[in-house]
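Q: I'd like to ask you about the structure that follows.
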Amino acid sequence: MSENLLYVLGTISNWIGWVLGVWVLIRLVLLVMPGSPSNRAAALGGIAAAAFVAAIALTIGTKLPALDAASHPPGVRLPLVWLVMPFAAWIAAVAIAMTLLRAAQALTQLTGEVRRAKSISALIWAAVAILFAVFYRGGSEKIEVLKGGINLSWGTAAAILFLIVAGGAGTRYAANRAGSRGWSKAILTHVMLIAGSVIFGLPFAFLLITSFKEDRDMSSPNGIVWVPKVQQTVLYMDPKDPLMQSEFKGRTVEGAIVKENGDGTVELEITRPASMRGLSAELPKSSLKEIPKPIPLVTGQLNGRPIQGKVVEELLDGQRRVVVTRPAELAGQVHLYKPAEVEPVREVGLRWQNYTEALEYLPPETANGLVYLKNTLIIVLLSVIGTVLSSSVVAYAFARMKFPGQNVLFALLLGTMMLPGAVTLLPKFLLFRSLGWIDTLYPLWVPAFFASAFNVFLLRQFFKNIPAELEDAARIDGCNPARTFWSVMLPLVKPALAVIAIWGFMNAWNNFMDPLIYISSPEKMPLSYALQLFQGDRQGEPGLLMAFATMSMVPVLLLFFFAQRYFVEGVTLSGLGGR
Amino acid sequence: MRIRIHGPHKCATVLATMRPLGKLLSLAFALAAALSGAAEPRPIVIWGRAPGPDEKGFETVIQRFEKLHPEYVVRALTMGAGGMNPQKLMTAIVGKVAPDIVYQDRFTISDWASRNAFRPLDDLLARDAALPNCPKAAQYYNAPWQEAMWDNKVYGIPSGVDDRVLYYNKTLFAKHADDLRAAGLDPNRPPHTWSEVLKYSKVLTEKNPDGTLKVAGFLPNYGNSWLYLYSFQLNGSFMSPDGHTCTLTAKENQDALKFMKDGYDLIGGYGAAKNFESGFQGNENDPFIVGKVAMKIDGDWIINNLARYGPTLQFAVAPPPEPDDRIAKKGAFANEKDADVTWIGGFAWVIPTGASNLDGAWEFIKFAASPEGRRAEHEGFREAERRRGRLYVPRLSAQIQTNDLILKEFTPADPRIQAALHQHVALLPFSKIRPATFAGQVLWDEHVRATENACNGSMGIVAALQAGQDVVQRDLDAYYRTSSLPVVDLAIPLFAGLGLIALVVLGSWIALKRLHLKSLAKNNAKWAYLFISPWLLGFIVLTAGPMLASLFFSFTQYNVLSEARWVGAKNYVDMFTTDKAMTAKTLLNVIYLGGIGVPLSILSGLAIAMLLNNAVRGMRYYRTLFYMPAIVPTVASAVLWTWVLAADPNKGMLNAGWRETIGQWMNLPPPGWLTMPEYTKQALILMGTWGAGSGMLLWLAGLKGVPTQLYEAASIDGATPRQQLWAITLPQLSPVIFFNVVVGFIAAIQEFDRPYVLLNGQNSPSDSLLMPVYHLFNSGFRYFKMGYASALAWIIFLVIVGLTLIQFVLAPRWVHYEADA
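Those sequence lines, one after another, are chains A and B. Position 218 (the first sequence) corresponds to 217 in numbering that gives the first Met the number 0; numbering is contiguous. Position 641 (the second sequence) corresponds to 640 in numbering that gives the first Met the number 0; numbering is contiguous.
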């Protein structure tokens with residue numbers, strides 16, 4: 000344990016040394032730049048003190064035998080340490096650190112009042128530390144110390160150091176001068192925003208790029224492949240094993256003839272569409288039409304010369320029959336190659352086929368996924384209509400009408416706002432079951448017609464803000480309440496309705512649990528559920544999966560780009576954000 | 000047979016709505032269509048088995064059947080329900096939209112049958128007994144036929160079987176021939192007894208210089224043997240004959256488990272063996288093919304791979320090693336006639352309750368089970384394999400005659416494979432099955448757990464078995480107690496509920512009358528009630544009614560298919576007694592996700608919002624980008640994250656990064672984010688932080704709402720940016736923070752979509768992602784324990800209400816609301 004402790008302390012010391020050292024360098028650079036503070040001597044004194052501490056810390060941090068043990072390549076080694084310990088121990092450790100910090104602050108503060116406050120804070124942290132230390136001791140888990148370090152070559156280390164010092168000094172210098180303060184802050188903000196965007200955007204980039212990658216790029220020992228490449232192919236009419244096209248069960252299919260029946264029909268083993276791959280179809284020979292098939296281009300060696308050729312046949316033992324295409328004088332020669340002897344010709348490009356194949360893989364009865372889209376659109380459309388209509392009607396009544404029991408009912412409505420959907424999950428299932436609604440779309444949109452509490456609450460605020468004169472004028476003109484609501488009031492709350500409609504859209508589009516419970520046949524599935532099932536079916540094919548996921552995102556993203564204003568407004572409206 | 004009029008009927012409706020005059024016409028049309036509609040084939044929907052490149056045999060069966068019966072069309076679902084998610088199947092059966100046929104693992108049939116989810120086939124068997132193609136018990140081996148029975152009724156027609164035999168690598172035996180002879184063993188024959196197999200294993204096992212395994216002689220539970228096999232060999236059983244008692248701790252089972260543990264200890268312990276196994280690969284790198292495992296007990300399904308990937312492998316098969324006394328016919332086995340005992344599993348065709356095309360389903364099952372169907376299956380598959388240049392290795396059938404056919408006509412010429420198939424068939428009559436009990440799945444899970452705990456030494460043999468036995472026994476007791484519980488007539492609560500509603504309506508009406516409203520007010524009130532009626536109706540039908548119903552159900556035991564039984568507060572008591580480990584787990588998971596995940600996403604959301612609150616150019620684009628993760632559909636983003644979090648650093652984005660950074664610095668291998676229980680929650684938190692944009696907009700709105708005068712005044716007073724943050728920004732934002740904390744905790748309790756999609760509907764490792772609502776979903780829709788699930792729902796409801804109230808009570812202490820807000 001003691002060696003571990005030394006390692007931990009040495010690591011902390013090492014890092015303190017580096018941070019302080021960088022600080023010292025930045026201050027020094029600032030000192031030599033024009034316009035530095037007046038009392039150079041005092042500043043120099045502080046810097047010298049810091050440099051001294053940094054030097055000591057670095058010496059301890061690098062020379063401790065516990066740290067030095069590991070042999071490492073020449074350069075700088077930044078030691079790292081991580082403690083594997085239970086949560087209670089972590090809290091205790093943090094509390095100890097806070098105690099020390101507060102105690103140090105209490106000792107260095109000038110005014111008595113602040114000192115007292117810091118001391119009390121230190122005591123509280125100490126109490127927390129003791130509490131959790133005792134709690135941790137109660138458990139049986141031991142602390143495990145993971146040791147490691149970052150090795151940097153001298154060059155890299157110097158470059159990083161230079162960048163940090165230059166950047167730090169530069170921004171500090173600019174910030175200290177009135178003329179450049181604005182843009183230095185802007186640059187800093189942009190740098191941080193761009194860094195954040197990269198982190199947040201990476202998964203999206205991964206999604207998009209993966210959806211365009213070939214299978215062989217999905218897995219790479221050299222890190223993720225970020226530039227997709229595609230296999231180059233040429234079209235070829237195969238005289239030996241022709242690719243045939245025909246109609247089967249209402250769909251255009253492609254495949255190879257595997258058997259000639261005597262009666263003028265043949266058996267076609269289907270290769271496309273993917274959902275029917277491997278199936279055999281019995282078709283009249285006259286219905287077949289030969290089509291060219293794309294065959295891969297490869298490079299290899301022929302008598303020591305590099306050649307390019309096309310693979311016209313893959314033999315059962317894995318060998319490839321290659322027809323040479325380049326160079327010209329060898330073109331047309333046919334040779335057999337083992338798979339390892341040829342290299343596919345691949346160029347940077349996007350594999351759009353992932354998208355078409357993903358759709359082809361969907362069950363035939365879903366018309367390449369169009370049925371999913373149709374179901375989703377039905378659900379979304381009806382849900383949005385239902386939500387907007389019912390919520391606005393109810394909200395209007397609560398906002399502008401007077402009726403006995405109003406307060407009680409409104410309190411009830413507010414009460415249902417915190418009701419978790421889970422409570423009514425099972426009885427609702429039984430209810431819809433008794434209505435014969437299982438495996439239909441009804442359970443997914445009918446409830447939207449019964450006004451959700453949150454939307455009513457939101458719209459009510461809006462209706463309340465409309466001046467009463469408008470309503471009075473309408474009444475005097477002889478409008479009944481329904482007409483007043485529809486022709487006068489509703490148009491006035493359009494922005495709020497837009498917000499509610501967008502929420503309704505998102506909820507309906509994203510709804511997953513309800514389809515999971517209620518829908519089982521492919522013809523009735525919405526996209527969200529289909530995507531999850533697709534994931535289960537095509538676990539080994541991220542290209543297709545990511546393509547399908549991308550397609551299911553596109554409509555929502557489009558809506559977002561075109562109606563961004565309402566998204567933002569919606570949040571502002573939800574009550575707590577804005578005022 | 001019924002006439003299918005669905006399509007024309009729909010047409011008629013359309014026509015009728017188009018033109019009233021056309022009614023007569025359309026009626027005539029519908030009639031004509033209905034008459035001709037008889038020719039339209041009725042679908043037979045099959046779940047659990049889908050045609051494809053590896054199911055060419057099944058496809059051939061379908062094609063021949065459709066030719067023979069043009070009145071039917073077979074629809075084997077390929078995606079979704081076809082993948083046989085038990086929850087989907089149960090929901091479909093309960094929801095009265097069941098498929099017509101299910102291809103079901105036989106040992107689970109009793110479980111489903113006991114819940115009335117499958118239809119007994121006895122009446123059909125009796126009706127068609129005279130027909131030549133009707134399945135008969137005599138055509139089948141006893142064990143698989145018994146396995147498809149429950150409560151003396153036949154629920155399934157068995158299709159395939161897979162018995163276990165010993166496979167051994169002759170090359171390795173020859174390599175160690177001298178060592179084996181030195182140990183007094185014959186290198187030219189396989190071990191017959193338990194003590195022999197251990198001796199052979201000791202000699203054949205090789206180790207690396209660092210002490211890890213290089214070649215394992217015999218891994219007792221590698222391949223497919225399980226405790227079941229060894230227990231069966233000792234004539235042991237996991238259940239009492241009447242099915243009322245779990246006998247996991249019986250002497251035979253203890254001895255069998257001891258043999259397994261000895262087998263592991265001999266080669267360096269269970270942990271070492273598991274480490275060794277974790278490096279195993281498939282296909283041509285299969286450990287048995289490459290000689291990493293000298294002997295294993297496995298089923299006939301591996302022959303196909305051995306033929307394809309190990310063309311030169313010198314392997315042979317033998318009956319699994321038996322207990323010494325059984326071979327010697329001593330002790331308990333003095334009067335035993337069978338020397339060899341093995342065990343089998345396999346699938347069966349079943350018809351779920353409420354299948355809409357019963358006739359078609361039965362017709363198909365009969366065909367698939369008939370000699371003709373069987374032959375079609377093998378012919379079709381062999382033909383397809385031949386075209387692909389592969390050897391066809393037939394799988395064994397539960398039908399005695401079919402196996403004769405297979406051995407005669409479909410066995411490849413390869414002598415190794417012929418010998419293996421003959422050995423498998425020869426042992427079938429001596430095969431035993433897992434007990435047919437409704438608790439089959441639990442028993443299986445618990446026996447696996449007990450085996451693991453005993454072999455790795457974390458529990459004693461008896462203690463491990465006892466722990467499993469207790470769990471199973473509890474389910475058994477609950478089931479057999481059911482019949483003694485009072486049946487509840489569900490009409491009573493229904494009418495009680497309706498009566499209650501009527502009473503409320505009547506009361507309100509009387510109260511209204513009493514008010515003596517003026518006519519104008521009365522008119523207004525009428526309109527108002529009309530306006531709020533959608534909500535009121537929804538409140539009664541979709542909220543209040545279901546809530547009361549759920550409260551009622553929480554005191555019952557109800558699986559929808561059987562009648563409800565009154566159990567009093569048992570569901571609630573169970574939650575905190577027998578199931579307290581599970582309850583505690585879900586609670587801890589919520590605390591973890593809420594306590595770490597929520598603050599983290601608040602922090603990141605707030606940080607981004609503060610950055611975005613600066614007036615710099617292009618803010619719109621940044622905002623869009625940060626917000627995008629929050630608006631993409633949950634399922635889509637979870638699908639994306641399954642690959643971001645993929646464990647393989649060659650594939651997963653996160654682990655590819657890990658390998659380059661932490662992996663090198665700390666010498667730590669990348670973790671399995673979704674497979675290791677200590678990482679799953681971190682994975683979810685990571686994903687949640689990525690979606691922190693949803694809160695960000697709220698923060699942004701809040702930040703924009705902070706009066707700028709406050710900052711101006713503070714700057715004049717010389718406050719640093721950090722002081723401004725603590726003294727102005729955070730207090731001003733406290734209502735938003737408060738709102739996010741409440742919402743975050745409630746969301747953690749209701750977490751469902753993301754874990755479900757990330758784990759593809761499987762249970763999370765060590766239940767590390769089991770959240771309360773997920774638990775509720777499992778109880779309700781996977782196991783259809785409606786009563787228990789309702790009790791859970793109420794507890795969740797109370798917790799959420801309590802949480803919200805506590806936070807509202809505590810809020811004024813630290814939340815800053817502006818006085819004039």
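From the three backbone atoms N, C-alpha and C, an ideal C-beta is built for every residue, glycine too. Model, not experiment: these values are computed from the prediction.
#1: Taking 8 Å as the cut-off, does the stretch 380-389 of chain A touch the stretch 539-547 of chain A (at least 3 CB pairs, one atom from each stretch)?
#2: Starting from A:Ser1, follow the beta strand (DSSP E) in both directions and report where the run begins and ends.
#3: Please work out which residues of its chain come closer than 7 Å, Cβ to Cβ, to B:Ile661, disregarding the five sequence neighbours upstream and downstream, and give them in chain order.
#4: Taking any Cβ of chain B, which residues in the stretch 455-483 of chain A have a Cβ under 8 Å from it, in chain order?
#5: Looking only at its chain, what residues have a beta carbon closer than 6 Å to the beta carbon of A:Tyr565, apart from the 5 residues adjacent to it on each side?
#6: Do B:Val73 and B:Leu88 have their C-beta atoms closer together than 8 Å?
#7: Check each candidate in B:Gly56, B:Gln723 and B:Val196 and name the one with the smallest Cα separation from B:Glu376.
#8: Determine whether the Cβ of B:Ser25 lies closer than 8 Å to any Cβ atom of chain A.
#9: Along the alpha helix (DSSP H) that carries B:His774, what are the first and last residues, could you check?
#10: Specify the secondary structure class of B:Tyr782 as computed by DSSP and reduced to three states.
#11: Using a beta-carbon distance below 8 Å, is A:Ala53 in contact with chain B?
#12: What are the start and end residues of each continuous alpha helix (DSSP H) run of 4 or more residues lying completely inside the stretch 361-420 of chain B, in chain order?
#13: Which one or two residues does DSSP pair with B:Thr211 in a beta bridge?
#14: Starting from the C-beta of B:Gln681, find all residues in its chain whose C-beta is less than 8 Å away, skip the five residues before and the five after it, and write them out in chain order.
#15: Check this for me: beta carbons of B:Val349 and B:Tyr139, under 8 Å apart or not?
#16: Exposed or buried, what is A:Asn13 when buried is set at 16 or more other beta-carbons lying within 10 Å of its beta-carbon?
#17: Quick check on DSSP: helix, strand or coil for B:Leu24?
#18: Starting from A:His334, follow its DSSP beta bridges and name the residues at the other end.
#19: With a threshold of 8 Å between beta-carbons, can A:Thr423 be considered close to chain B, or not?
#20: Excluding the 5 residues flanking A:Ser551 on each side, which residues of the same chain have their C-beta closer than 6 Å to its C-beta?
#21: Any beta carbon of chain B sitting closer than 8 Å to that of A:Ala548?
#22: Applying the 10 Å Cβ sphere with the 16-neighbour rule, what's the burial state of A:Val18?
#23: Name the one or two DSSP bridge partners that B:Asp297 has.
#24: Identify the continuous beta strand (DSSP E) that holds A:Val52 and give its terminal residues.
#25: So which residues on chain B does A:Leu79 lean against when the C-beta distance must stay under 7 Å?
#26: Which chain B residues sit within Cβ distance under 7 Å of A:Val392?
#27: If I follow the unbroken beta strand (DSSP E) through A:Thr98, where does it start and stop?
#28: Less than 8 Å between the CB atoms is what I'm expecting for B:Ala829 and B:Leu165, so what's the real figure, rounded?
#29: Would you please verify whether the beta carbon of A:Asn260 is less than 8 Å from any beta carbon of chain B?
#30: Could you give the C-beta distance for B:Phe106 and B:Gly467, rounded to a whole number, given that I count them as a contact under 8 Å?
#31: With a threshold of 8 Å, are at least 3 pairs of Cβ atoms found where one atom belongs to the stretch 628-645 of chain B and the other to the stretch 194-212 of chain A?
#32: What separation, rounded to the nearest whole angstrom, lies between the Cα atoms of B:Gly701 and B:Ser714?
#33: Please identify the residue among B:Asn762, B:Tyr787 and B:Pro98 whose C-alpha is closest to the C-alpha of B:Thr352.
#34: State the CB to CB distance for the pair B:Arg808 and A:Gln534, rounded to an integer number of angstroms; the pair is presumed to be in contact (CB under 8 Å).
#35: For A:Pro110, does the count of other Cβ atoms within 10 angstroms reach 16, so buried, or fall short, so exposed?
#36: Could you please give the first and the last residue of the uninterrupted beta strand (DSSP E) stretch that includes A:Met243?
A: Quick look at the numbers:
#1: Contact between the stretch 539-547 of chain A and the stretch 380-389 of chain A is absent, because fewer than three Cβ pairs lie under 8 Å.
#2: Stepping through the first sequence from its first residue, residue 1 of chain A is reached at position 2. Per DSSP, A:Ser1 lies in no beta strand (DSSP E) segment; the continuous alpha helix (DSSP H) that holds it begins and ends at Ser1 to Val31.
#3: Your numbering for residue 661 of chain B matches position 662 in the second sequence. Only Leu667 meet the Cβ criterion.
#4: Within the stretch 455-483 of chain A, the qualifying residues are Val455, Asn479, Pro480 and Ala481.
#5: Within the first sequence, numbered from 1, the residue matching residue 565 of chain A stands at position 566. Here the set comprises Ala497, Val498 and Ile501.
#6: The residue labelled residue 73 of chain B in the question sits at position 74 within the second sequence. The residue labelled residue 88 of chain B in the question sits at position 89 within the second sequence. No, the pair does not count as a contact, with Cβ atoms beyond the cut-off.
#7: Against the second sequence, residue 376 of chain B aligns to sequence position 377. When each option's Cα is compared against that of B:Glu376, the closest is B:Gly56.
#8: Position 26 of the second sequence holds residue 25 of chain B. For B:Ser25, the predicted model reports a pLDDT of 49, less than 50, meaning its position is unreliable; a value from the coordinates is still stated below. No, no contact with chain A.
#9: Along the second sequence, one-based indexing puts residue 774 of chain B at 775. Start and end: Pro771 to Phe776.
#10: The sequence position of residue 782 of chain B within the second sequence is 783, counting from 1. Of the three classes helix, strand and coil, the one that applies to B:Tyr782 here is coil, per DSSP.
#11: Residue mapping note: residue 53 of chain A aligns to position 54 of the first sequence, counting from 1. Taking CB atoms only, A:Ala53 has no neighbour in chain B less than 8 Å away.
#12: Counting whole runs of 4 or more residues, the stretch 361-420 of chain B contains the alpha helix (DSSP H) stretches 370-386 and 399-404.
#13: For the purposes of this step, residue 211 of chain B is identified with residue 212 of the second sequence, where counting begins at 1. Bridge partners of B:Thr211: none, in fact.
#14: Locating residue 681 of chain B in the second sequence gives position 682, counting from the first residue. Contacts found: Trp672.
#15: Residue numbering aside, residue 349 of chain B sits at position 350 when the second sequence is read from its first letter. Residue numbering aside, residue 139 of chain B sits at position 140 when the second sequence is read from its first letter. Contact flag unset, no.
#16: The count along the first sequence starts at 1 and reaches residue 13 of chain A at position 14. The residue is buried, with at least 16 neighbouring Cβ atoms inside 10 Å.
#17: On the second sequence, residue 24 of chain B is found 25 positions in, with the first residue counted as 1. For B:Leu24, the predicted model reports a pLDDT of 48, less than 50, meaning its position is unreliable; a value from the coordinates is still stated below. B:Leu24: helix per DSSP, three-state reduction.
#18: Within the first sequence, residue 334 of chain A is the residue found at index 335, counting from 1. A:His334 pairs with A:Val321.
#19: If you number the first sequence from 1, residue 423 of chain A lands on position 424. Yes, contact with chain B.
#20: Along the first sequence, read from residue 1 onward, the residue named residue 551 of chain A stands at position 552. Once the five neighbours on either side are set aside, the close Cβ partners of A:Ser551 are Leu526 and Leu530.
#21: To locate residue 548 of chain A, count along the first sequence from 1; it is residue 549. Output row for A:Ala548: interface = yes.
#22: Reading the first sequence from its first residue, position 19 is the one you call residue 18 of chain A. Exposed, because fewer than 16 other Cβ atoms sit within 10 Å of the Cβ of A:Val18.
#23: Taking the first residue of the second sequence as position 1, residue 297 of chain B is located at position 298. Paired residues: B:Val164.
#24: Along the first sequence, read from residue 1 onward, the residue named residue 52 of chain A stands at position 53. A:Val52 -> not in any beta strand (DSSP E); alpha helix (DSSP H) instead, spanning Arg39 to Lys62.
#25: Counting from 1 along the first sequence, the entry for residue 79 of chain A is found at position 80. Going along chain B in sequence order, the residues near A:Leu79 (Cβ under 7 Å) are Trp664 and Met665.
#26: Numbered from its first residue, the first sequence carries residue 392 of chain A at position 393. Those are Phe530 and Pro533, listed as they occur along chain B.
#27: On the first sequence, position 99 is the one that residue 98 of chain A refers to. Counting along the chain, A:Thr98 falls outside any beta strand (DSSP E), though it belongs to the alpha helix (DSSP H) covering Phe86 to Thr107.
#28: Examination of residue 829 of chain B is not possible in this model, given that chain B is present from 0 through 820 alone.
#29: For the purposes of this step, residue 260 of chain A is taken as the residue at position 261 of the first sequence. Answer no: the Cβ-Cβ gap between A:Asn260 and chain B never drops below 8 Å.
#30: Along the second sequence, one-based indexing puts residue 106 of chain B at 107. Along the second sequence, one-based indexing puts residue 467 of chain B at 468. Going by Cβ atoms, the distance from B:Phe106 to B:Gly467 rounds to 17 Å, so no, they are not a contact pair.
#31: yes
#32: In the second sequence, the residue the question calls residue 701 of chain B occupies position 702. In the second sequence, the residue the question calls residue 714 of chain B occupies position 715. Taking the straight line from one Cα to the other gives about 20 Å.
#33: For this step, residue 352 of chain B is matched to residue 353 along the second sequence. Nearest of B:Asn762, B:Tyr787 and B:Pro98 to B:Thr352, Cα basis: B:Pro98.
#34: One-based indexing of the second sequence puts residue 808 of chain B at position 809. One-based indexing of the first sequence puts residue 534 of chain A at position 535. Checking the sequence shown, residue 808 of chain B turns out to be Val, not Arg. About 43 Å; that fails the 8 Å criterion.
#35: Numbered from 1 along the first sequence, position 111 holds the residue referred to as residue 110 of chain A. Checking the sequence, you will find Thr at residue 110 of chain A rather than Pro. With fewer than 16 other Cβ atoms within 10 Å, it is exposed.
#36: As a first step, residue 243 of chain A must be located in the first sequence, where it is residue number 244. Leu242 to Phe247 is the span of the beta strand (DSSP E), which, as asked, contains A:Met243.
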